[in-house]
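In full-length UniProt numbering, the protein residues as written are 1 to 275.
Next comes the structure, spelled out in structure tokens:
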């Protein structure tokens, strides 16, 4: 039995099927983890979402910013953006079932036996593992509640951009969400820069990649994340693994086998839809 973590799919089902064949995935034995952004930008968003949902209990998913964007739009908040490939999902006959399934997924998954934690964007320097799990659960509980519409109505925004334990209400939930699903650069006090989106060398003065600061997560715990295709899968950190290798942008789709940290990749084979 093996456990594979796969980076951002973004609606690229065909490369996923090729990757599963490459790793000789055994549905009755192996486990799959997905590091968020299951959908959007690629041409097979609806088919991808249906397939991941069909995999059942041997699969772990964390939500990414694109997944939350889909949910927000489906609840009547936010608008489809240029380049979004979500219309098929929003008009599908099983839309409600897919949305209900998606909002049951967590923002953080930790496996004690494998000593590995997965979020979409990473873990800020100011949080330890327990705090990350606790704060993620606050958002997860809201997503699964009868008042989830209130969350999506106020989810978008770049502020507050620094964690404070005194944050409450929508500011608190938005900040947690931004750390776990949108973070790339921050300063030494975990203040976020949510505007810069390119490689490490493009950091604004006083900011750096979140994983270049000392972490409060134990050094023997592995952190796996997606979200940042410009890293090309490289953090230069032994226990921090970037898995978004830009499949939807013409790169590759990557899986990390957790038992021995071996990587597997297949090249992009899709034609991205133009908006």
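Just so it is clear, CB atoms sit at the ideal spot from N, CA and C, and this is done for glycine as well.
Could you tell me if residue 9 is buried or exposed, where buried requires 16 or more neighbouring beta carbons within 10 angstroms of its beta carbon? buried
Where residue 150 sits in the DSSP three-state scheme: helix
Expressed to the nearest angstrom, what Euclidean distance is found between the alpha-carbon atoms of residue 273 and residue 84? Any reading at residue 273 needs caution, since the residue's pLDDT is 48, under 50, leaving its predicted position unreliable; the model's value is listed next. Approximately 9 angstroms between the Cα atoms of the pair.
Once you ignore the five residues that flank residue 59 on each side, which residues in its own chain have a CB closer than 8 angstroms to its CB? 31, 32, 33, 34 and 52
List the endpoints of the continuous alpha helix (DSSP H) containing residue 51. 45-54
Nearest by alpha-carbon distance to residue 163: which of 172, 201 and 228 is it? 172
Express the C-alpha separation of residue 78 and residue 156 in angstroms, rounding to a whole number. 8 angstroms
Scan the stretch 149-228 and note each continuous alpha helix (DSSP H) run of 4 residues or more that stays entirely inside, going in chain order. 169-181
What number of angstroms, rounded off, separates the C-alpha of residue 275 from the C-alpha of residue 241? Since pLDDT at residue 275 reaches only 31, below the 50 mark, its modelled position is unreliable, and no value is offered.
Under the rule that 16 or more other beta-carbon atoms within 10 Å means buried, what is residue 74, buried or exposed? buried
Have a look at residue 255 and residue 16 and give me their C-alpha separation to the nearest angstrom. 10 angstroms
Please report how far the alpha carbon of residue 90 lies from the alpha carbon of residue 270, in whole angstroms. 22 angstroms
Between the C-alpha atoms of residue 76 and residue 19, what's the straight-line distance to the nearest angstrom? 35 angstroms
Rounded to whole angstroms, how far is the Cβ of residue 224 from the Cβ of residue 99, which I believe are closer than 8 angstroms? The Cβ separation is near 26 angstroms, so there is no contact.
DSSP three-state assignment for residue 252, whether helix, strand or coil: strand
With H, G and I counted as helix, E and B as strand and the rest as coil, what does DSSP make of residue 23? coil
Please report how far the alpha carbon of residue 204 lies from the alpha carbon of residue 107, in whole angstroms. 27 angstroms
Span of the alpha helix (DSSP H) holding residue 89? 87-90
Give the range of the alpha helix (DSSP H) segment to which residue 132 is assigned. 129-143
For residue 265, the residue or residues it bridges with in DSSP: 254
Apart from the five residues on each side of it in sequence, which residues of its chain come closer than 6 angstroms, Cβ to Cβ, to residue 276? Lying outside 1 to 275, the shown extent of the chain, residue 276 is not represented and no answer is given.
According to DSSP, which residues form a beta bridge with residue 35? None, per the DSSP bridge assignment.
Below 7 angstroms CB to CB, which residues in the same chain sit around residue 308 once its five sequence neighbours on both sides are set aside? Outside the modelled stretch of the chain, which goes from 1 to 275, sits residue 308, for which no answer is possible.
Span of the beta strand (DSSP E) around residue 99: Unbroken run through residue 99 is the alpha helix (DSSP H), 95-102; no beta strand (DSSP E).
Going by beta-carbon coordinates alone, are residue 62 and residue 36 separated by less than 7 angstroms? yes
Suppose contacts are defined by Cβ-Cβ distances below 7 angstroms. Is residue 170 in contact with residue 139 by that definition? no
Own chain partners of residue 208 with C-beta closer than 7 angstroms, once the 5 adjacent residues on each side are dropped: 185
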